[in-house]
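Student:
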Amino acid sequence: MTPPASGSTPPSRISKFTLSLPKIELHAHLNGSIRRSTLSHLAALRNVDPSTTRILSHIPSTLSEAFDVFRIIHSCVVTLADVERIAYEIGEDMEEDGVVYAEIRSTPRDMGEGDLEGYVKAVLRGFDRYRLEKGKVILRLLLSIDRAKHTASDSYEIVSLAAKFRSQGVIGIDLSGDPTKGDFGTYLPALTHARSLGLKITLHAGEVLNPTEFSSMLDFHPDRFGHCCFVDPPNLARLTESSIPIELCLTSNLLSNSIPTGKLTDHHFGIHHNAKSEGSTICCISTDDSGVFGSPLSNEYRLVMDSFGLGEREVFELARRTLDATFLESQSGKNADEATGKDSEDRKRIQDKFDEFERDWRWN
């Protein structure tokens with residue numbers, strides 16, 4: 021029996037469904053996922069001007085307001101203890117929202133308490149503390165190369181860090197930052213090196229229209245793309261043919277004016293989603309910056325249901341397919357290294373969560 025479209029499903033049931041649904045988060049920035057109460061506490065601790073922090077009393081409704089929040093975050097998160105706290109609380113918040121696995125990304129930075137390695141260790145300490153105390157959400161870390169700030173040499177350093185901490189929870193590399201700054205070609209050698217080391221790679225792409233760069237990124241064939249809001253027709257055809265998974269962040273794209281019509285019903289999720297096709301693009305519903313935009317992953321799935329009329333079974337399959345887009349390795353057995361063996365165990369844990377939900381949920 022085909023499930024009804026979400027339009028015939030009561031809002032209360034949709035909210036219950038998307039909260040209960042096992043979810044996988046593949047595009048979330050560490051600082052942007054900060055808990056609002058933590059940000060307010062740190063702002064007071066750092067003596068940030070109260071007139072500046074009034075923006076924290078409500079969720080941003082414009083890109084300008086969102087940037088104001090980001091500025092406060094950067095002025096408040098200044099110690100490794102802050103970083104560790106945010107990492108720990110991300111686990112707590114995602115657990116409350118029904119997330120079962122998350123790849124959190126962050127750009128390593130020197131916070132005056134050591135080198136970049138100290139930053140990575142602080143994030144991993146937060147993840148480990150959450151795992152030991154609670155542990156329902158499996159957390160991994162992506163190290164981000166910032167195209168607006170990093171040199172080619174910097175990017176190699178970040179790749180080396182990712183390789184060094186692979187067995188401790190770092191799972192890949194992300195290229196992010198202001199899309200109008202830097203050049204993809206600058207970082208291509210380091211990204212190619214990362215691939216040779218067995219690291220998976222995701223690229224922020226198509227945040228602005230740049231056909232030449234997007235074509236080069238397609239030539240590189242990353243393991244995932246992030247956003248892909250502005251893609252010219254020839255590259256869109258290539259993207260569709262490639263079946264490279266795409267991390268899609270509806271609320272973030274709406275508030276950053278990345279949907280030309282300003283309507284969620286016109287979000288490019290509609291172009292890429294086709295759950296009935298075996299080889300179709302995997303659409304990875306994600307939050308980007310849940311602490312800034314005030315939209316947890318359960319709400320992003322609710323927006324998908326509301327905007328595109330998807331039923332419960334379709335959304336379940338959408339969420340379950342995301343497992344195939346994670347950077348978790350699937351190999352197990354005597355030939356698997358420590359990281360790969362742990363990945364395989366965690367994949368099974370996640371799959372079991374989906375199987376359990378499918379069995380127990382009272383489907384319409």
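By the count of my numbering, the sequence shown reaches residue 384 at its end, each step adding exactly one. A virtual CB, placed ideally from N, CA and C, is assigned to each residue, including glycine.
(1) Near H293, which residues of its chain fall below 6 Å by C-beta distance, leaving aside the five closest residues on each side in sequence?
(2) How about the segment 79-93 and the segment 116-126: do they share at least three Cβ pairs that are nearer than 8 Å?
(3) Starting from S263 and walking both ways along the alpha helix (DSSP H), at which residues does that stretch end?
(4) Which of the three DSSP states, helix, strand or coil, is assigned to R347?
(5) Could you tell me the boundaries of the beta strand (DSSP E) in which D117 lies?
(6) Are R340 and F374 closer than 7 Å when you measure CB to CB?
(7) Hey, F147 and G111 are a contact pair by Cβ (cut 8 Å); roughly how many whole angstroms apart?
(8) When you compare each of W383, L323, P231, T232 to H287 by their alpha carbons, which one comes out closest?
(9) Apart from the five residues on each side of it in sequence, which residues of its chain come closer than 8 Å, Cβ to Cβ, to L50?
(10) Considering only the alpha carbon of each residue, which of G205, A122, H61 lies closest to T307?
(11) For H61, count neighbouring C-beta atoms within 10 Å of its own C-beta (all shown protein chains included) and say buried if the count is 16 or more, exposed if not.
(12) Using the rule of at least 16 other Cβ atoms within 10 Å of the residue's Cβ for burial, across every protein chain shown, is N355 buried or exposed?
(13) Enumerated in chain order, which unbroken segments of the alpha helix (DSSP H) with a length of 4 residues or greater are wholly contained in the segment 142-220?
(14) Please report the distance separating the alpha-carbon of A168 from that of I193.
(15) State the CB to CB distance for the pair D309 and S272, rounded to an integer number of angstroms; the pair is presumed to be in contact (CB under 8 Å).
(16) How is G329 classed by DSSP in three states: helix, strand or coil?
(17) From F185 to F377, what distance separates their C-alpha atoms?
(18) Could you tell me which residues DSSP puts in a beta bridge with E45?
(19) When we look at the beta-carbon of S153 and count the other beta-carbons within 10 Å, is it buried (16 or more) or exposed?
(20) Can you look up Q371 in the DSSP assignment and give me helix, strand or coil?
(21) Give the straight-line distance between the Cα atoms of N446 and S175, rounded to the nearest whole angstrom.
(22) What is the C-beta distance between H224 and S196, in whole angstroms, given that I count them as a contact (C-beta under 8 Å)?
(23) What are the start and end residues of the alpha helix (DSSP H) that includes I34?
Tutor: Working from what's here:
(1) C303
(2) no
(3) From DSSP, S263 is part of no alpha helix (DSSP H); its letter is neither H nor E.
(4) The displayed chain sequence assigns Phe, not Arg, to residue 347. F347 falls in the coil class under three-state DSSP.
(5) No beta strand (DSSP E) contains D117, which DSSP labels as neither H nor E.
(6) yes
(7) 7 Å
(8) L323
(9) V103, I106, A107, I110, I124, R125, S126, V143
(10) A122
(11) exposed
(12) Residue placement at N355 cannot be trusted, given a pLDDT of 48 that sits under 50; what the coordinates show is reported in the next sentence. So N355 ends up on the exposed side.
(13) 172-184, 204-216
(14) 16 Å
(15) 6 Å
(16) coil
(17) 33 Å
(18) A122
(19) Per the sequence shown, residue 153 should be read as Glu rather than Ser. It counts as exposed.
(20) helix
(21) The displayed coordinates of the chain run from 21 to 384. Any statement about residue 446 would go beyond what the structure contains.
(22) 5 Å
(23) 31-40
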